[in-house]
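Reviewing the structure listed below.
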Amino acid sequence: MEVKLLDLTRQWKTIKAEAQPAVAAVFEDCGFVLGKPVKDLEVAMADYCGATGAVGVASGTDALLLSLRALGVEKGEEVITSPFTFFATAGAIWNVGGRPVFVDIDPATFNIDAEKIEAAITPRTRVIMPVHLFGQTADMDPILEIAEKHGLKVLEDAAQSIGSEYKGKRSGALGDLGATSFFPSKNLGGAGDGGMVVGKAEALLEEIRLLRGHGAKNRYFHDRVGWNSRLDSLQAAVLGVKLRYLDRWSAMRREHAAAYDEAFLPMDEVVPPPVLDGCTHIYNQYTIRCRRRDELQAFLTKAGVGTAIYYPLSLHEQECFRSLGYAHGAFPESERAAAEVLSLPVYPELTSAEQDYVIAKVKEFYAR
Ligand SMILES: Cc1ncc(COP(=O)(O)O)c(C=O)c1O
Numbered sequence: 012m013e014v015k016l017l018d019l020t021r022q023w024k025t026i027k028a029e030a031q032p033a034v035a036a037v038f039e040d041c042g043f044v045l046g047k048p049v050k051d052l053e054v055a056m057a058d059y060c061g062a063t064g065a066v067g068v069a070s071g072t073d074a075l076l077l078s079l080r081a082l083g084v085e086k087g088e089e090v091i092t093s094p095f096t097f098f099a100t101a102g103a104i105w106n107v108g109g110r111p112v113f114v115d116i117d118p119a120t121f122n123i124d125a126e127k128i129e130a131a132i133t134p135r136t137r138v139i140m141p142v143h144l145f146g147q148t149a150d151m152d153p154i155l156e157i158a159e160k161h162g163l164k165v166l167e168d169a170a171q172s173i174g175s176e177y178k179g180k181r182s183g184a185l186g187d188l189g190a191t192s193f194f195p196s197k198n199l200g201g202a203g204d205g206g207m208v209v210g211k212a213e214a215l216l217e218e219i220r221l222l223r224g225h226g227a228k229n230r231y232f233h234d235r236v237g238w239n240s241r242l243d244s245l246q247a248a249v250l251g252v253k254l255r256y257l258d259r260w261s262a263m264r265r266e267h268a269a270a271y272d273e274a275f276l277p278m279d280e281v282v283p284p285p286v287l288d289g290c291t292h293i294y295n296q297y298t299i300r301c302r303r304r305d306e307l308q309a310f311l312t313k314a315g316v317g318t319a320i321y322y323p324l325s326l327h328e329q330e331c332f333r334s335l336g337y338a339h340g341a342f343p344e345s346e347r348a349a350a351e352v353l354s355l356p357v358y359p360e361l362t363s364a365e366q367d368y369v370i371a372k373v374k375e376f377y378a379r
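As numbered in the working numbering, residues 12 to 379 make up the sequence shown, in order.
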């Protein structure tokens, strides 16, 4: 049997009948950039997240970058974040001229350890940027408290967490701004790149609107040096259809996660991802910790099961960040996670026969 880590062709079958006319309507109108579907999606997404507004941009990376600029991060200013995340989190900080300051993760959730944040604050700190990794939010209450106490802004990297909840509120709308990604593998993925910033402060959202269009409020009159980072109408048309399915798909992911949990909880060699009290996980990834990870992955690959390692090297150990001066051992939990994690297929359309096969193969590996 072959079980892919993600098979988007199955999702296309669900949405085809609605997505094709939505795409055709964009061609009929030819408003390809920031057209009506983009405005409609911005309204729908703000509403979905419980924010007051949203701004569509070209990618999740740009959503972070423009947010950091709007929050006023200047050259040499520090942004506190997790070293155990996708590269774009820290890349965006770097590309606005800021300095990523890493804080180790909570080993249970893989998210930034809120208890360790305060020790990393300096007079140059401007923003705290928690990443809601794999689809569960970081512990936001203490993070928001620390930010308030020190006069810092909070930018959520919600690229992997659209729809997840923290104490009844949706991710993205918990801090000052939330950046999400529409990369195709995300729970709400487009037919290409795309991203969005959601927020509650109209002044910040207005600044991001300005920055995504070369900093011009009126065409050819530039108040800022911004970027070309706009969401295409074709993407927004597809995403508008998919948003209507998002909660159903996330619930299907949760069902798969529950079946994996049940199978893996009794095993000593595998640690399933826990869900914290008050949190709703949307399982963009179902990521276990496991013994002999690389051997298990090779075994599963041979058995036809797609898996992935998110992420094999912590950001503080990346060659491009050598000048930040972090050494191996600086963030032991992040480094341990990089050596132990493995993500298994959890996409909504995964069949129970396929999931049973994945579970059987994991058990077979440890029984040998
Ligand atoms: C945690 C995290 N941050 C940022 C990004 C960047 O998003 P994008 O790929 O849309 O630029 C991603 C997605 O790949 C991500 O997973």
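Ideal placement from N, C-alpha and C gives every residue a C-beta, glycine not left out.
Beta-carbon separation of LEU75 and ALA103 under 7 angstroms? yes
To the nearest angstrom, report how far apart ALA170 and CYS331 are at their CA atoms. 22 angstroms
Please report the Cβ distance between GLN296 and PHE145, rounded to the nearest whole angstrom; I am assuming they are in contact, meaning their Cβ atoms lie under 8 angstroms. 4 angstroms
Residue(s) in a DSSP beta bridge with PRO111: VAL90
Go to ASP168, then tell me how far its beta strand (DSSP E) extends in each direction, as first and last residue. 164-168
Put LEU242 into one of helix, strand or coil per three-state DSSP. coil
Just to confirm, is the Cβ distance from ALA184 to SER78 under 7 angstroms? no
Should VAL142 be counted as a contact of ligand 1 given a C-beta to heavy atom distance under 6 angstroms? yes
Which residue comes first and which comes last in the alpha helix (DSSP H) that contains ALA350? 343-351
Only counting runs of 4 or more residues, tell me where the alpha helix (DSSP H) segments fall wholly within the stretch 14-70, in order along the chain. 19-40 and 47-60
Mind checking whether the beta-carbon of THR362 lies closer than 6 angstroms to any heavy atom of ligand 1? no
At a cut-off of 6 angstroms, is GLY109 close to ligand 1 when judged by its beta-carbon and the heavy atoms of the ligand? no
Could you compute how far the alpha carbon of SER345 sits from the alpha carbon of GLU39? 50 angstroms
Checking 7 angstroms against the spacing of the C-beta atoms, do HIS233 and GLY226 come in under that value? yes
First and last residue of the alpha helix (DSSP H) that includes ALA270? 257-275
For SER172, is the beta carbon positioned less than 6 angstroms from some heavy atom of ligand 1? no
Closer than 6 angstroms: is that where the CB of GLY206 sits relative to any heavy atom of ligand 1? yes
When you measure from the CB of SER240 to every non-hydrogen atom of ligand 1, does any distance come out below 6 angstroms? no
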